[in-house]
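Colleague: One structure, as structure tokens, below. Some questions next.
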Amino acid sequence: MFKDSVKLTGRLLIQKYASRIVGGTYDAMGYMAIGDDTQIGALSQTTLINELSRVAVTSATASGSNVTFTATFPAGSGTGSIVEAGVFNKGSSSVLIFDGDNAVNDGSHEITYTSHGLVTGDKVTYTDGGGTAVVGLTDGGTYYVIRIDANTLKLASSYANAIAGTAIGITSGIGSNHKLTYGTMLCRTTFPVITKSSSETIAISWVVTVG
Numbered sequence: 001m002f003k004d005s006v007k008l009t010g011r012l013l014i015q016k017y018a019s020r021i022v023g024g025t026y027d028a029m030g031y032m033a034i035g036d037d038t039q040i041g042a043l044s045q046t047t048l049i050n051e052l053s054r055v056a057v058t059s060a061t062a063s064g065s066n067v068t069f070t071a072t073f074p075a076g077s078g079t080g081s082i083v084e085a086g087v088f089n090k091g092s093s094s095v096l097i098f099d100g101d102n103a104v105n106d107g108s109h110e111i112t113y114t115s116h117g118l119v120t121g122d123k124v125t126y127t128d129g130g131g132t133a134v135v136g137l138t139d140g141g142t143y144y145v146i147r148i149d150a151n152t153l154k155l156a157s158s159y160a161n162a163i164a165g166t167a168i169g170i171t172s173g174i175g176s177n178h179k180l181t182y183g184t185m186l187c188r189t190t191f192p193v194i195t196k197s198s199s200e201t202i203a204i205s206w207v208v209t210v211g
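Each residue of the sequence shown is one higher than the last, beginning at 1 in the numbering used here.
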């Protein structure tokens, strides 16, 4: 990983980083994400801590090409926090954003999401999106999918329970930004702690070479 930081005249700090994914893993690359927190997670995590932004990487990405991910944090965000970026091996469609009340059936303990694309046994990370967590689930918790049909799923506490059809009893939460995220991180870059005034913005550019 190579890096350089440039402090511009005015109120903008730019962080530039470059990383490389070796081999043919680009075939599976689906999206990049950027997050903001005071700690970093494991490489195998399926979502970034306090994820802020996500961009899709198409399957047309060729070996040896450079893929650039840029995110701008507005004034008031990112102060004194670690910022990390990750490349995942699933498409952005594998981030399911749902309403914690309307999409959750309290009686059947099912989550409804049209064309969710998941299968029984898929490992997902649940986040409550700043709302009140769905009862029975923990913000940041790992769960396993039980596919009911193309538009409906349940969650299990383990892979074995998912295969056996033993679901967690869930009931509605509050908020419209609940997420189930599926994917494995292929590589991650962690930027230094950013210190800025509340009126400054942060622009981050991360270039990943694949192949």
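Think of the CB as a built atom: it goes at the ideal place given N, C-alpha and C, for glycine as much as any other residue. The structure presented is a predicted model; accordingly, all values stated were derived computationally and were not measured.
Could you pull out every residue in the same chain whose Cβ sits closer than 6 Å to the Cβ of aspartate 122, ignoring the five residues on either side in sequence?
Modeller: The residues are Val145 and Tyr182.
Colleague: Just the Cα atoms here: how many angstroms apart are asparagine 161 and glutamate 200?
Modeller: Straight-line Cα distance between these residues: approximately 48 Å.
Colleague: Between isoleucine 168 and the rest of its own chain, which residues show a CB-CB distance below 8 Å, the 5 nearest in sequence each way excluded?
Modeller: Closer than 8 Å at Cβ, skipping near neighbours: His109, Gly136, Leu137, Tyr143, Lys154, Leu155, Ala156 and Ser157.
Colleague: Do serine 176 and aspartate 106 have their CB atoms nearer than 8 Å?
Modeller: Not a contact, by the Cβ cut-off of 8 Å.
Colleague: Specify, as a first and last residue, the run of the alpha helix (DSSP H) that valine 159 falls within.
Modeller: The sequence given here has tyrosine at residue 159, not valine. Unbroken alpha helix (DSSP H) run through tyrosine 159: 159-164.
Colleague: With H, G and I counted as helix, E and B as strand and the rest as coil, what does DSSP make of leucine 118?
Modeller: It is coil, neither helix nor strand.
Colleague: Kindly indicate the opening and closing residues of the beta strand (DSSP E) around isoleucine 111.
Modeller: Per DSSP, isoleucine 111 belongs to the beta strand (DSSP E) from 110-112.
Colleague: If the criterion is Cβ atoms closer than 8 Å, does the pair isoleucine 163 and valine 104 meet it?
Modeller: Result no, Cβ atoms of isoleucine 163 and valine 104 do not sit closer than 8 Å.
Colleague: Considering only C-alpha positions, which residue in the set Thr125, Leu118 and Asp101 is nearest to isoleucine 148?
Modeller: Cα-wise, what sits closest to isoleucine 148 is Leu118.
Colleague: Taking DSSP's pairing of strands, which residues face tyrosine 126 in a bridge?
Modeller: For tyrosine 126, which the question treats as bridged, DSSP gives the partners Leu180.
Colleague: Where threonine 132 and leucine 96 are concerned, what is the direct C-alpha to C-alpha distance, given to the nearest angstrom?
Modeller: Distance between the alpha carbons of threonine 132 and leucine 96: 17 Å.
Colleague: Which residues in the same chain have their Cβ closer than 8 Å to the Cβ of asparagine 151, if we skip the five residues on either side of it in sequence?
Modeller: Cβ within range, chain order: Thr112, Tyr113, Thr114, Ser115 and His116.
Colleague: Does the separation of the CB atoms of aspartate 128 and glycine 100 fall below 8 Å?
Modeller: Yes, the pair counts as a contact, with Cβ atoms nearer than the cut-off.
Colleague: In three-state terms, what does DSSP make of valine 145?
Modeller: The answer is strand: DSSP assigns valine 145 an E or B state.
Colleague: Which residues does DSSP list as the beta-bridge partners of alanine 156?
Modeller: DSSP lists Tyr144 as partners of alanine 156.
Colleague: So what's leucine 137 in DSSP terms, helix, strand or just coil?
Modeller: Here leucine 137 sits in coil by DSSP.
Colleague: Taking just the CA atoms, how far does threonine 125 sit from phenylalanine 98?
Modeller: About 13 Å.
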